[in-house]
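Numbering (this note's numbering), first residue to last: 70 to 1036.
Glycine included, each C-beta is placed from N, C-alpha and C at the ideal position.
First comes the structure, then the notes that go with it.
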């Protein structure tokens, strides 16, 4: 199966269809009418009922509504008409922020608690029917510095997926790679990656969908961050991000941050969108297709939505990008690099310890071109090319893919049913699939020749000669498929005293299938090439100094299939939660609210390779409470609000890896304490302390025991003989019983300015400091180190009792029985960053111009490990760019929009990555709608306008066109 096809024709076809559609369509889109019947009742319930019946989302806080009541309402009305009637005389007004989304606010000049201070209840009382997010709705002006991207912003973006969008606009995202399928992305190559503050922080960045976890990707005995790359960006109604610890609110795993994708549950009508794009030369083509259909009963009692999304990428080969293959040119190949670098397009000969001689000419290296047919004396060819390596790239390496052939599919199904007044049940299903295909090629076939012997009979000299052939050491094709599923069932209901409750159960799993068909060479290949002698089984000895096509054909007869790795792996997820929230008291006329959650989460690997009983099980139980208190009426500080949260989470981890390991029971207490105030109108000050934690990853729980010995002299025994003279001892490597979870604490402080002196302007500056402590370190010091430093590490060396004979010899310790090289909580880390965000919009030329700029300065990223440990430091100190920024401008009218975005990433000295800046442009037109359609839209875009090259963006400049129709 392959996806390699051009998209140039599809791009032209979409553009042509859009233009034709524009010519024949008769009318513009408008608000849709609906039959509504709402009885007289409290306004909060009336708005909820209107949202269900009209299939719209109405956003409002409890303090804004207060005790107001609504009149009866009946008729066929647009949402705006219905809201005008319900709010008549209430002192409230509404605003349509985007299609199907309305916000109810206090009327201008009307007395309202909302205008005099913060809202005590952060979640919205009227949730509507377009979201099933179990978390509270987060606000950029909240106590912790959230970045929130709304549906209208996501819809206007050119991004392929949520992580593609965040890699441009979320400057606190440490993973700066473009979301283009590449083998360096991980498993699968088309996967999403979220790593806040640190490019290697995937395991410390919590990923949620609708406030719930998704199944982790299995990889041997690891549980990797879930893959949500297949979810279409159009299916997401809101993205909430936080670049700091928040374990008290979200649980273990939210160490460096959290991202919550809130899916858009649109039960109205249907929508179809198609996108096609390609590079200037037609390579690197990609396409997207999204379709949604929804149904909502007139009485709002039943609602159903089904959405499908597909993305395809055609891979770009190394040979298609001079920037990629030029550094790998075989002309730069040196002796001894055959297993780490690709060869040139021809045989290269190196003198290993000195020069070799051909036809009386001494040389250190030379090459035989790939088109050599043997008609010219080989001595002439080698003398002519003396001092050079074979240039270019071997064909197998030239055809390797910088980006993979990829296809992803997503199916989202949601059903809601009102059971009785104030109670709803829902079923939700998420299916995500990815398929990646790519050829593999590693190193080069290489062997040593002896001058004057065998194949090297025409060479002379005393140094061996290294022969590097223009074929990979191992090559093949890989097919990687990942399927993730999550099924959720839940019930939400009203409780007495204005409380609301909910219970939900989620179950799912992820399955990976990786099939690699790789071939290398059998041992006879090396001996036959070097000796020039055939093996006697009918196969000829490949002659590297003759016709090159014949040499490669003969060498191919020695290929042998490599044993593939186990192709299958699977993970499981179960999550059951009970939630309740509501007011517990009134302070100064406002609600003091409390949210409570009890949760049991189970993640595991039912089986992983190498033993039929291998498995991993990680279960955690937690209790969570969050208090929001408006304190303005108590303390007298304008707009003062307190947030306090606590979570007790206990984990039970079991692993069987060849043999059973003792279960590990660990717990963590996580806290959040924050405050904000508005001392003057339009100026918000905020500060918070939050802790985060992470249980040991399952693979860190097991221990292995083997027999070993030492090669140093035991300081406590015979100074004239090494340890191995006394025999073997047990060597234990792995987790000690007292291994503790990783812990982190975050201090954040910031200011938000939205002054009336600068209307329609918002500026925020936030400082974040994340301190990691008691971090788990896989020390790996080795037995000899502990023997020589026994007094520094009590309990690491276990000895037999000191005998009388030992004392007589002057020994101070018995014979070594066991050495324990165990993990320890001895690491620490520090991250400091300043995040700045500015937003402004103004009326311009008959439309609205929106401007935004985000900038992150991260001067500190430091990981402290014991100096004497052998652990690999994945992130070097300062291993992220100090500066990351994004600037955007969007001008919109009723029927047209133009956008520009600039993304900047500073040079990263520790990883030798240069600074990068890319520019994207897009245009969008609302087309006249044809019969049956309520709205149509055409988009044209250019990504990477100035054709900048970087390793994470091999597609370079590409154009795309999208056509969207809503019914």
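Beta-bridge analysis with DSSP links residue 763 to 811.
For residue 213, there is no enclosing alpha helix (DSSP H), since its DSSP letter is neither H nor E. Beyond the five residues adjoining it in sequence on each side, residue 736 comes within less than 6 Å, by CB distance, of 719 in the same chain, given in chain order. Apart from sequence neighbours up to five positions away, the residues of its chain that approach residue 804 with a beta-carbon distance below 8 Å are 730, 733, 765, 769, 770, 771, 772, 891 and 892, ordered along the chain.
Its Cα nearest to that of residue 701, the residue 657 stands out among 664, 742, 657 and 713. Beta-carbon to beta-carbon, residue 377 and residue 479 are separated by about 7 Å, close enough to satisfy the 8 Å threshold.
A direct Cα-Cα distance of roughly 40 Å separates residue 383 from residue 205.
In this structure, DSSP gives residue 795 a helical state, which the three-state scheme calls helix.
Assignment of residue 310 by DSSP, reduced to helix, strand and coil, places it in the strand class. Just so you know, the alpha carbons of residue 680 and residue 269 end up roughly 30 Å apart.
The Cβ atoms of residue 311 and residue 394 lie no closer than 7 Å to each other. Counting only runs of at least 3 residues, the segment 630 to 703 fully encloses the following beta strand (DSSP E) elements, listed from N- to C-terminal order: 637 to 656, 659 to 674 and 684 to 699.
The beta-carbon distance between residue 584 and residue 502, rounded to whole angstroms, is 16 Å. This is too long to meet the 8 Å contact definition.
In this structure, the beta-carbon distance from residue 844 to residue 762 does not fall below 7 Å. A straight line joining the alpha-carbon of residue 224 with that of residue 712 spans about 32 Å. Distance from the Cα of residue 802 is smallest, within the candidate group 823, 651 and 855, for 855. Spanning the alpha carbons of residue 442 and residue 616 requires a straight line of approximately 4 Å. Note on residue 336: 16 or more other CB atoms within 10 angstroms of its CB, so buried under the neighbour-count rule. Take the alpha-carbon of residue 739 and the one of residue 753: they are about 26 Å apart. For the set 459, 668 and 652, the Cα lying nearest the Cα of residue 645 is the one of 668. By alpha-carbon distance to residue 819, the top candidate from 972, 745, 306 and 1036 is 745. DSSP places residue 925 inside the beta strand (DSSP E), whose first and last residues are 916 to 933. By alpha-carbon distance to residue 898, the top candidate from 908, 929 and 886 is 929. The continuous stretches of beta strand (DSSP E) do not include residue 877, which lies in the alpha helix (DSSP H) extending over residues 873 to 877. Annotation for residue 432: 424, 425, 455 and 456 place their beta carbon closer than 7 Å to its own, counting only its chain and skipping 5 residues before and after. Annotation: the continuous alpha helix (DSSP H) that includes residue 467 extends over 464 to 467.
With the rule of 3 Cβ pairs closer than 8 Å, the segment 982 to 995 counts as touching the segment 1009 to 1026. By the Cβ-count criterion, residue 238 is buried, with 16 or more other Cβ atoms from all chains shown falling within 10 Å of its own Cβ. Burial state of residue 531 is exposed, judged by a 10 Å Cβ sphere holding fewer than 16 other Cβ atoms.
A residue is called buried when at least 16 other Cβ atoms come within 10 angstroms of its Cβ; residue 872 does not meet this threshold and is exposed.
Comparing alpha-carbon positions, the option among 461, 422, 429 and 421 lying closest to residue 437 turns out to be 461. Unbroken alpha helix (DSSP H) runs of no fewer than 4 residues, entirely contained in the segment 380 to 443, are found at 391 to 394, following chain order. Counting along the chain, residue 606 sits inside no beta strand (DSSP E), nor does DSSP assign it H or E at all. Cβ atoms of residue 546 and residue 586 come within 8 Å of each other, at about 5 Å.
Pairing residue 202 with residue 334 gives a Cβ-Cβ distance that is not under 7 Å. Annotation: residue 959 is outside any alpha helix (DSSP H); the continuous beta strand (DSSP E) that includes it extends over 952 to 961.
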